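Per the numbering used here, residue 26 is the first one in the sequence shown, and the count goes up by one each step.
Just so you know, even glycine gets a beta-carbon here, dropped at the ideal spot from N, CA and C.
Model, not experiment: these values are computed from the prediction.
Read through the structure below, which is laid out as structure tokens, and then see the notes.
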Amino acid sequence: LNIRRHQSAVCEIGGYLYIIGGAESWNCLNSVERYNPENNTWTLIASMNVARRGAGVAVLDGKL
């Protein structure tokens, strides 16, 4: 991970693992990271408009 976090939402789409929001210490996060197991790398992708921790996520028709 690029940003340490807890209370994040996690899902898998197309072989990638997504870590969404959460908290770093007491600060809520709006960042989203994608893990690529093929090359063992984490990438920061588009942030959410609102920071969230303890949220739930789901995949429907290949979308978060």
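Requested in this report: Ignore the nearest five residues each way along the sequence and tell me which others in Arg59's own chain have a CB closer than 6 angstroms to its CB.
Outcome: Tyr41, Tyr43, Thr68 and Ile70
**Report entry** Nearest-angstrom Cβ-Cβ length linking Gly47 and Arg78, presumed shorter than 8 angstroms
**Finding:** 5 angstroms
Query raised in the report: What is the rounded straight-line gap between the Cα of Asn27 and the Cα of Gly87?
Result: 25 angstroms
**Report entry** Runs of beta strand (DSSP E) wholly within the region 28-60 (minimum 3 residues, chain order)
**Finding:** 34-38 and 41-45
**Report entry** Distance between Ala80 and Val35 (C-alpha atoms, nearest Å)
**Finding:** 9 angstroms
Query raised in the report: DSSP on Arg77, reduced to helix/strand/coil?
Result: strand
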